[in-house]
Amino acid sequence: MKGDAPDWFSRAIIDAIATMYTARLSGFPANDSVKQTAQVWIVALWGNYTWAESDTVRIKQTSIIIAGTRQKWVTPKEFYDHIPPIAIERRLTKQTKEETPDELAEQARRGREAMERIQQLLADAMKKKAGKKWKNGAFSDK
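Numbering (the numbering used here), first residue to last: 9 to 150.
This is the structure we're talking about:
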């Protein structure tokens with residue numbers, strides 16, 4: 009086990025359980041066992057998975073998704089399985105820099121050159137196939 013869960017995680021799980029409890033899913037815990045249910049969920053989820061404080065958003069999203077789409081109460085594992093993937097922005101490790109106007113102009117120039125080369129290659133292929141010439145963006149018999 010990873011030890012005691014931090015307050016942010018406990019609050020996020022308690023809020024998630026409250027959201028799902030309010031939806032009155034079939035099999036939801038009795039009123040007098042909600043506190044114990046939350047404690048079990050906190051221990052089970054904190055102790056078996058890796059979390060970051062930014063996951064509070066994903067925990068909240070999950071409780072809303074489950075409350076709106078499920079008919080039955082879920083286990084902590086089922087809850088975890090419904091958590092949306094980490095946003096792409098968090099997965100990036102390399103910091104990107106802002107390009108200068110000169111760099112952007114160079115990228116645009118290279119893009120135009122690449123496009124012209126691709127058009128020429130296509131034209132050459134079509135010319136061989138059809139016996140026609142590519143001129144001014146169109147095929148001609150001459």
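Where a beta carbon is used, it is the ideal one built from N, C-alpha and C, also for glycine.
Distance between beta carbons of residue j and residue i, contact taken as under 8 Å
i: Arg125; j: Ile91; result: That belief does not hold up - the Cβ atoms of Arg125 and Ile91 are roughly 46 Å apart, past 8 Å.
i: Ser34; j: Lys80; result: 5 Å
i: Trp59; j: Phe17; result: 6 Å
Residue i in three-state terms, based on DSSP
i: Lys10; result: Only weak support exists for where Lys10 lies, its pLDDT of 41 falling under 50; the coordinates are left without a value.
Straight-line gap, residue i to residue j (C-alpha atoms, nearest Å)
i: Pro37; j: Glu107; result: 55 Å
i: Leu129; j: Glu121; result: 12 Å
i: Pro14; j: Thr83; result: 21 Å
i: Ala20; j: Tyr57; result: 15 Å
i: Val51; j: Thr27; result: 19 Å
i: Glu61; j: Leu53; result: 14 Å
i: Ala131; j: Ala116; result: 22 Å
i: Asp12; j: Met123; result: 58 Å
i: Gly119; j: Pro93; result: 34 Å
i: Gly55; j: Asp89; result: 15 Å
i: Arg78; j: Val42; result: 19 Å
| query | Is there contact here, the stretch 49-69 with the stretch 107-119, by at least three beta-carbon pairs under 8 Å? | reply | The stretch 49-69 makes no contact with the stretch 107-119; the number of CB pairs closer than 8 Å stays below 3.
| task | Could you tell me whether the stretch 41-60 touches the stretch 72-79, where touching means 3 or more Cβ pairs closer than 8 Å? | result | Flag = no, the stretch 41-60 and the stretch 72-79 do not touch.
| query | What residue ranges within the stretch 19-69 form continuous alpha helix (DSSP H) runs of no fewer than 4 residues, ordered along the chain? | reply | Complete alpha helix (DSSP H) runs here, min 4: 42-56.
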